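Using this note's numbering, read the sequence shown as starting at 47 and increasing by one per residue.
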Amino acid sequence: MTQRDMKKRGYVEKFHWPVIAVLCASLAVTLVINSPDKWIWVNIPFHSVIETTGAFAALALATLLAFLHTSSTPSYRISTAMGLAAMGMLDLFHAATAPGDAFIWLHGLATALGGLCFMGIYFQDLRFGNRARFVFPVLAGVSAAVMGLLIIRFTAFLPHALLDNQFASATSALNTLGGFMFLAAAHRFYSIQRTQPSPEVLLFTVMSLMFGIAGLAYAFSNLWDATWWMWHFLRLFAYALSLGYVAVLFLEIFKNLHDNEALLRTVLDSLASGIVTVDAHGTITSCNPALEQMFGYRSGDLNGKNITLLMSHAYDSAIGQRADGSCFPMNVDLSPITQNNNKLFILQITDITEHRMREQKLSYQAHHDTLTQLPNRLLFMDRLSQSIAQAHRHEQNFAVMFLDLDNFKLVNDRLGHHVGDRLLEHVAKRLNGCIREGDTVARLGGDEFVLIVLDVCNIEDCETVARKIMKDISDGFEVEGKPHRITCSIGISLYPQHGVDADTLIIHADTAMYQAKMGGRNNYCLYSIPEKMALTSLSCT
47 MTQRDMKKRG
57 YVEKFHWPVI
67 AVLCASLAVT
77 LVINSPDKWI
87 WVNIPFHSVI
97 ETTGAFAALA
107 LATLLAFLHT
117 SSTPSYRIST
127 AMGLAAMGML
137 DLFHAATAPG
147 DAFIWLHGLA
157 TALGGLCFMG
167 IYFQDLRFGN
177 RARFVFPVLA
187 GVSAAVMGLL
197 IIRFTAFLPH
207 ALLDNQFASA
217 TSALNTLGGF
227 MFLAAAHRFY
237 SIQRTQPSPE
247 VLLFTVMSLM
257 FGIAGLAYAF
267 SNLWDATWWM
277 WHFLRLFAYA
287 LSLGYVAVLF
297 LEIFKNLHDN
307 EALLRTVLDS
317 LASGIVTVDA
327 HGTITSCNPA
337 LEQMFGYRSG
347 DLNGKNITLL
357 MSHAYDSAIG
367 QRADGSCFPM
377 NVDLSPITQN
387 NNKLFILQIT
397 DITEHRMREQ
407 KLSYQAHHDT
417 LTQLPNRLLF
427 MDRLSQSIAQ
437 AHRHEQNFAV
447 MFLDLDNFKL
457 VNDRLGHHVG
467 DRLLEHVAKR
477 LNGCIREGDT
487 VARLGGDEFV
497 LIVLDVCNIE
507 DCETVARKIM
517 KDISDGFEVE
527 GKPHRITCSI
537 GISLYPQHGV
547 DADTLIIHAD
557 TAMYQAKMGG
567 RNNYCLYSIP
577 EKMALTSLSC
587 T
């Protein structure tokens, strides 16, 4: 239980005893001054005002209770709303009818029906669904209205309500019955109040008690005498309490709405994602500060603008455009809603620049060698497959060159792996300088490199590239201020002469490279079909 609920419970516990004491005192006063010759005041307009005010108060509370009811709230809300709806309708007819038999029967029926419906508190274990919360109160109000019209229309068929200027026993019995039912309901409400205190249950307890006292006091009164006015004021006070409760509930509802709106605004303002609301025409109706900051706009500048202003292209919602014209990748989640029969859309926009950069970084790391930053085996195989498909489509040739550094193991053993790593980095840069745009050089691992040389027209073109690579590699490198000289051996396979798939081309280039090493290293060798004499070795010039 929250501190606010505990405070509210304390107020309720302190309040109900004084109210009950006042009601008991009112009953005593009512019974003392019941003599008809003590005070008579005939004022039909004032009486109509009292009854009309009470009727509207009853109908207002009945409507509010129906609105507040849910499938999880106690059923006595609905039964109480039914009683108030019936009493409200009959009291309206009572207020609009001239004093007479119908006038008195309408009031008695209102008391009896109200007490009967309030007795629904004894069936609080029943549950009414959301659909039934309006059906039963409306049904009670309509039924009461129909009965009221029948009483007015067929008054002549009813027993007389006044005999010798005193209320007839039939109407007294009807009011007394209603009074006892109200008191029984008050007892049940009070039992609930003792175990589960709440302002609502206290209100129903007090109202039931007041209506019950008024119903019992009816038998001790005569038309327009002091007792008659006393129980009218008692009923009016009960209705006034209901009006006060309605006002308090409305204030609490509005306060909760205001608090929820403030909380929602705080949440929206604290979100890192941009939130924007647009109508069916794409016009921006609201947005949070994060969105304005994301797109570089001042507060309020986007209201009334079209959502396409935030996109680099009208049909590309994945690219955002800032106020300065710069673009960035974004993720957009769209949720349609309906407000006051108007179609709206809530867009949650997230700047995914960093996410995209992380993805690109991970992709780069997955496809490139960590040391040399050259494409690794995975990326090389993908590019080789693309080269095969393109060469097949356009009937072109290309070469695969397998390169291995000569005696590189000795460099690692004598000078250390850190020198070997620096040497591999220099070799990678030299190889990149030997190829054209569109060609590929990759590191397969260790001191092995492989190249794709596109648009090779003849063997001479391959030899030209191989000689350039061997010359640039053999020129030597400077690592940590010291010169280092190294050579390489190259094996060459051609598409489609030596293979039409990636694995075959690489295997044949690797085979040719080993043949070049067998020829004395610092050589290149073109793969030859075995039936034509195995391998042909060409020395570097």
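All C-beta atoms in this analysis are idealised placements derived from N, C-alpha and C, irrespective of residue type, glycine included.
From a predicted model like this one, the values you see are computed outputs, not experimental measurements.
Look at the alpha carbon of residue i and the alpha carbon of residue j, and state the distance between them as a whole number of angstroms.
| i | j | result |
| --- | --- | --- |
| T217 | P382 | 60 Å |
| D415 | N334 | 44 Å |
| P82 | Q239 | Residue placement at P82 cannot be trusted, given a pLDDT of 45 that sits under 50; the coordinates are not used to answer. |
| T510 | R460 | 33 Å |
| G462 | K514 | 28 Å |
| T399 | M340 | 11 Å |
| A263 | A142 | 23 Å |
| R177 | S372 | 54 Å |
| I532 | F454 | 8 Å |
| Q561 | G537 | 8 Å |
| A108 | L348 | 45 Å |
| T396 | Q419 | 31 Å |
| V473 | D493 | 10 Å |
| A336 | L297 | 33 Å |
| T101 | A219 | As written in the sequence, residue 101 is Ala, which differs from the Thr given in the question. Their backbone Cα atoms lie some 23 Å apart in a straight line. |
| T201 | D147 | 7 Å |
| L282 | N388 | 43 Å |
| K563 | H401 | 47 Å |
| A106 | H153 | 19 Å |
| N80 | N302 | Reliability of the predicted coordinates at N80 is poor, the pLDDT of 49 falling under 50, and no value is obtained from them. |
| A190 | G261 | 18 Å |
| D37 | F391 | Any answer about residue 37 is impossible in this case: the structure gives the chain only from 47 up to 587. |
| T384 | T331 | 14 Å |
| V324 | H464 | 60 Å |
| Q24 | V322 | It is not possible to answer for residue 24, since the shown part of the chain is limited to 47 through 587. |
| A512 | E338 | 58 Å |
| I575 | D501 | 22 Å |
| N422 | A412 | 8 Å |
| Y361 | G346 | Bear in mind that the predicted position of Y361 carries a pLDDT of just 47, short of 50, making it unreliable; the figure below should be weighed with that in mind. Taking the straight line from one Cα to the other gives about 25 Å. |
| A265 | H304 | 49 Å |
| R344 | R404 | 30 Å |
| T550 | K475 | 27 Å |
What whole-angstrom Cβ distance do residue i and residue j have, given they're in contact under 8 Å?
| i | j | result |
| --- | --- | --- |
| G466 | N458 | 4 Å |
| L470 | L417 | 6 Å |
| R429 | I498 | 6 Å |
| W274 | N268 | 6 Å |
| Y285 | A158 | Not a contact, Cβ separation roughly 18 Å. |
| N377 | D452 | Not confirmed; about 52 Å, so no contact. |
| E526 | R468 | 7 Å |
| C503 | D450 | At roughly 26 Å, the Cβ-Cβ gap does not stay under 8 Å, so C503 and D450 are not in contact. |
| L208 | A214 | 7 Å |
Comparing alpha-carbon positions, which option in the options lies nearest residue i?
| i | options | result |
| --- | --- | --- |
| N443 | D485, M357 and I150 | D485 |
| N89 | T157, M227, G100 and W270 | W270 |
| S539 | D549, K528 and A445 | A445 |
| I167 | A232, K455, G134 and I498 | A232 |
| L111 | L295, M403 and A148 | L295 |
| F149 | L303, P120 and H206 | H206 |
| G590 | R179, F180, V181 and A186 | The requested residue 590 does not occur in the structure, where the chain is confined to residues 47 to 587. |
| A369 | K351, N377 and N386 | K351 |
| T354 | I365, S345 and S117 | I365 |
| T119 | I86, A101, V247 and W151 | V247 |
| T98 | W87, N387, G134 and L114 | G134 |
| R489 | G545, A265, V252 and F426 | F426 |
| D319 | L393, I299 and W85 | Correcting the residue type first, residue 319 is Ser in the shown sequence and not Asp. When each option's Cα is compared against that of S319, the closest is L393. |
| A132 | C163, S431, S121 and T116 | C163 |
| S288 | K528, F495, P529 and L130 | L130 |
| A156 | F113, F203, I434 and V188 | V188 |
| P91 | R173, G290 and P145 | P145 |
| H182 | L204, F113, F203 and S237 | Reading off the sequence, residue 182 comes out as Phe, not His. Nearest C-alpha to F182: F113. |
| W85 | Y343, L314 and A272 | A272 |
| F169 | F235, G545, L204 and I198 | F235 |
Within 8 Å of any Cβ in chain B, is that where the Cβ of residue i sits?
| i | result |
| --- | --- |
| E506 | Given the protein chain composition of this structure (a single chain), no chain B is represented. |
Any heavy atom of the ligand MN closer than 7 Å to the Cβ of residue i?
| i | result |
| --- | --- |
| D459 | This structure simply doesn't include the ligand MN, nor any ligand for that matter. |
| Hey, which unbroken runs of the alpha helix (DSSP H) at 4 residues or more fall wholly within the region 321-377? | 335-341
| query | At a cut of 8 Å, does the region 131-149 reach the region 194-211 through at least three beta carbon pairs? | reply | yes
| message | With a threshold of 8 Å, are at least 3 pairs of Cβ atoms found where one atom belongs to the region 542-555 and the other to the region 518-529? | response | no
| message | Taking contact to mean 3 or more Cβ pairs, one atom from each stretch, closer than 8 Å, check whether the region 226-234 and the region 254-273 are in contact. | response | yes
| So does the region 307-326 actually touch the region 124-134, counting three or more Cβ pairs closer than 8 Å? | no
| field | Length-filtered (4 minimum) alpha helix (DSSP H) runs lying within the region 213-294 | value | 215-241 and 245-263
| task | Let me know the beta strand (DSSP E) ranges lying completely inside the region 425-473, each 3 residues or longer, listed in chain order. | result | 444-451
| task | Just list the beta strand (DSSP E) runs in the region 382-423, keeping only unbroken ones of 3 residues or longer that don't cross its boundaries, in chain order. | result | 388-397
| task | Could I get the ranges of all uninterrupted alpha helix (DSSP H) runs contained in the region 508-544, with 4 residues as the minimum, in chain order? | result | none
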